[in-house]
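Protein chains: 2
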Amino acid sequence: MPHKQVVMQRASSTSARESTHVPMLAIAGDSAAGKTTITKGLVDALGANRITSMCSDDYHRYDRMERKTLPFTPLHPDCNYLGVMEQHLQLLALGQPILKPVYSHSTGTLERPVLVDPAEFVIVEGLFPLWSKLSRACFDVTVYLDPPEPIRHEWKIKRDTTKRGYTAEQVLAELERREPEATAYIRPQRRHADIVLRFSRLEGHSEGPLSATLLLRPTIAHPDLSDVLGSDTREAIHLKLIRDDDGKPVDAIHIHGHAPRELTRKVEEAIWSHLDMDEPVPESLGVIEPGTRSEPLAVSQLILLYHMLAASKH
Amino acid sequence: MPHKQVVMQRASSTSARESTHVPMLAIAGDSAAGKTTITKGLVDALGANRITSMCSDDYHRYDRMERKTLPFTPLHPDCNYLGVMEQHLQLLALGQPILKPVYSHSTGTLERPVLVDPAEFVIVEGLFPLWSKLSRACFDVTVYLDPPEPIRHEWKIKRDTTKRGYTAEQVLAELERREPEATAYIRPQRRHADIVLRFSRLEGHSEGPLSATLLLRPTIAHPDLSDVLGSDTREAIHLKLIRDDDGKPVDAIHIHGHAPRELTRKVEEAIWSHLDMDEPVPESLGVIEPGTRSEPLAVSQLILLYHMLAASKH
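As you go down the protein sequences, you meet chains R and U in turn. When we follow the working numbering, the leftmost residue of the first sequence carries the number 1, and every step to the right adds one. When we follow the working numbering, the leftmost residue of the second sequence carries the number 1001, and every step to the right adds one.
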């Protein structure tokens, strides 16, 4: 039919918006892996008018009440409209607005959708952004957050008891219930990320500041840090070539939890200078919560920011 | 970026669903113009497993409470996410599912969206399906319902007082309030329809059965009715060449309100026989409400059904 031909043509050529390339960053990871904290610092760094962030966990197919009668947790692909999520990721990457579903964590209900109109950059954080080949193809940079399980459990208990009204026992029971689906569906996404980010403590320690390790896979062009990292910064940060758990070679950047601020600051400024930005390094990087900073977090976020800004230049 | 290239390629070639052509029928018209009645008969004719129907008025940007503080009615384009409606129409035409927003007429609130997965055919009825060139291009057949205003007012009062909890005075006040926007935004869609359908009574009559006039514009290939309409059916139905209000030539089929059932039945069966269907003419055609039939409605629906089935063969 002649009508249908017109659709095809228009969809690929005539709309100015559709030829837009919006740099997109995926931050995947299990519940309470630190996705929101990292995203917030990045959005605050450039401003919400330049970065649109969204959570892909709003694509729940069932509300909390309905899930009670169903044999799976929200970590199961069948519990989510992942096909619609893929469709929306493609639309955002093409600069088109979407009407995004909304799941309320406080009431456990699905609510009125909201319009998400992509700004200059888009960050998508959630359980499933790296789920399929099609979803991954929508992103310029993909990150998987991989904290050791004891740390993630600690974070989840802290968050869910203070912000979501659960008891610690309920959170622990839920973590146990989710474990098989986390293994089956969430953790396999790690191998598809360009960057694996792990915050951890020195072996055997259960307190003290977290260090960060970034595995930089050769799937994208990482910043050249050779002029940034030298013998003078080695105490704070170092780069080495290692093999990942799967045996594949990868660059690993380690930022010490006890790194002195003046040294990490020097590294941050050097990375920042690569980006030709007029402003100083954004103060929002490294903020865990108001008043609490982490230099390993700041450097990690800066590397992600580097990738987003670099993607916008292509 | 290599990632982004992959998106473009996949979106246009690799998914089997995306190469699907789903025949789509638009039924546009003002509030209470008869859209739902016509749609229901068509869906019942082939079955909901073969025809997906949806109302495009769910794309309201504001709920009833919010609209109270705003200077427009739901008939204003700015009161609706028409860009998202266009996007969803394109996706449906390509055979892809959408997560459609939901507006509740009973509560006046925006609710949890629903998945609409297109079946073999799609009917979209609402205020705005013919609004833009892009939205029109998604359809194989477009219809505009154009009853005389007194009849539409009668229908709206009847429906809104019995099904939506308003008084007749409230409905009349609302009709008056909406009049400027109906003139500015709804009625101009009439000129873009392939078929304009008007149910009306004999001039000067305010009671009695409704006749139907279908203007068949030469924008699509209409069924050849020359072997169907003859001197023996002239009492029930006739075809003539006229000029539309804008002076443009158009075929007009008129089906008399008092047409004897045996004659309209003969015409219906003749049109139906063109479609190579095994089943008899569906009983759902012509049903206004359970137990009340209209032969002009039945013939009109049959012509729309003809177009949908014909579109599926291309």
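No residue lacks a Cβ here, since even glycine has one placed at the ideal position from N, Cα and C. A quick note: this is a predicted structure, and the numbers were derived from the prediction, not measured.
Collapsed DSSP secondary structure at residue i in the structure displayed
| i | result |
| --- | --- |
| R1061 (chain U) | coil |
| T1039 (chain U) | helix |
| E125 (chain R) | strand |
| Y166 (chain R) | coil |
| L115 (chain R) | strand |
| P1002 (chain U) | Because P1002 (chain U) carries a pLDDT of 39, less than 50, the predicted location of this residue cannot be relied on, and no value is offered for it. |
| I253 (chain R) | strand |
| L92 (chain R) | helix |
| I220 (chain R) | coil |
| T52 (chain R) | strand |
| L285 (chain R) | coil |
| R1187 (chain U) | helix |
| P150 (chain R) | helix |
| R177 (chain R) | helix |
| S294 (chain R) | coil |
| T1264 (chain U) | helix |
| K1240 (chain U) | strand |
| L70 (chain R) | coil |
| L1202 (chain U) | coil |
| A259 (chain R) | coil |
| M1277 (chain U) | coil |
| L130 (chain R) | coil |
| K156 (chain R) | helix |
| A1311 (chain U) | helix |
| P77 (chain R) | helix |
| V228 (chain R) | coil |
| A1028 (chain U) | strand |
| L1210 (chain U) | coil |
| V1084 (chain U) | helix |
Buried versus exposed call for residue i [16 or more other C-beta atoms within 10 Å across all chains shown]
| i | result |
| --- | --- |
| L1075 (chain U) | buried |
| G165 (chain R) | exposed |
| G1083 (chain U) | buried |
| R1050 (chain U) | exposed |
| I326 (chain R) | An answer regarding residue 326 (chain R) cannot be provided, because it is not within the stretch 1 to 314 covered by chain R. |
| G29 (chain R) | buried |
| H205 (chain R) | exposed |
| P1296 (chain U) | buried |
| M1325 (chain U) | Missing from the structure shown is residue 1325 (chain U); chain U here goes from 1001 to 1314 and no further. |
| G41 (chain R) | buried |
| K1313 (chain U) | exposed |
| R187 (chain R) | exposed |
| A1212 (chain U) | buried |
| G1034 (chain U) | buried |
| L302 (chain R) | buried |
| S273 (chain R) | exposed |
| G247 (chain R) | exposed |
| D1160 (chain U) | buried |
| T1014 (chain U) | Interpretation of T1014 (chain U) is limited by its pLDDT of 37, a score under 50 that renders its predicted location unreliable; no figure is taken from the coordinates. |
| T183 (chain R) | exposed |
7 angstroms Cβ cut-off: residues of chain U touching residue i
| i | result |
| --- | --- |
| R112 (chain R) | L1110, E1111 |
Partner residues on chain R for residue i, Cβ-Cβ distance less than 9 angstroms
| i | result |
| --- | --- |
| P1097 (chain U) | Y81, G83, V84, Q87 |
Residues that residue i contacts on chain R, provided the C-beta gap is smaller than 7 angstroms
| i | result |
| --- | --- |
| P1101 (chain U) | L99, P113 |
Residue i: CB within 8 angstroms of a non-hydrogen atom of the ligand COA
| i | result |
| --- | --- |
| E174 (chain R) | The ligand COA is not part of this structure, which contains no ligands at all. |
Fill in: Interface residues of the segment 1039 to 1072 of chain U facing chain R [CB-CB below 9 angstroms]
Y1059, R1061, D1063
Discussion item. Counting only Cβ-Cβ distances shorter than 8 angstroms, please list the residues of the segment 82 to 95 of chain R near chain U, keeping chain order.
Written reply: Taking 8 angstroms as the cut-off between beta carbons, the residues of the segment 82 to 95 of chain R near chain U are G83, V84, Q87, Q90, L91, A93, L94, in sequence order.
Worksheet item: Counting pairs of beta carbons, one from the segment 106 to 119 of chain R and one from the segment 1110 to 1117 of chain U, are three or more of them closer than 8 angstroms?
Response: yes
Fill in: Segment contact flag, the segment 258 to 273 of chain R with the segment 281 to 291 of chain R, C-beta cutoff 8 angstroms, min 3 pairs
yes
Discussion item. When you compare the segment 1019 to 1026 of chain U with the segment 1129 to 1139 of chain U, are there three or more beta-carbon pairs, one atom per stretch, that lie closer than 8 angstroms?
Written reply: yes
Discussion item. I'd like to know if the segment 1083 to 1099 of chain U and the segment 1119 to 1137 of chain U are in contact, where contact means that at least 3 CB-CB pairs between them fall below 8 angstroms.
Written reply: Between the segment 1083 to 1099 of chain U and the segment 1119 to 1137 of chain U, the count of Cβ pairs shorter than 8 angstroms is three or higher; the stretches touch.
Discussion item. Count Cβ pairs between the segment 142 to 152 of chain R and the segment 196 to 214 of chain R that sit closer than 8 angstroms; are there 3 or more?
Written reply: yes
Worksheet item: At a cut of 8 angstroms, does the segment 1252 to 1259 of chain U reach the segment 1233 to 1240 of chain U through at least three beta carbon pairs?
Response: yes
Fill in: Inter-stretch contact (C-beta, 8 angstroms, three-pair minimum) for the segment 1047 to 1064 of chain U and the segment 1171 to 1185 of chain U
No, the segment 1047 to 1064 of chain U is not in contact with the segment 1171 to 1185 of chain U.
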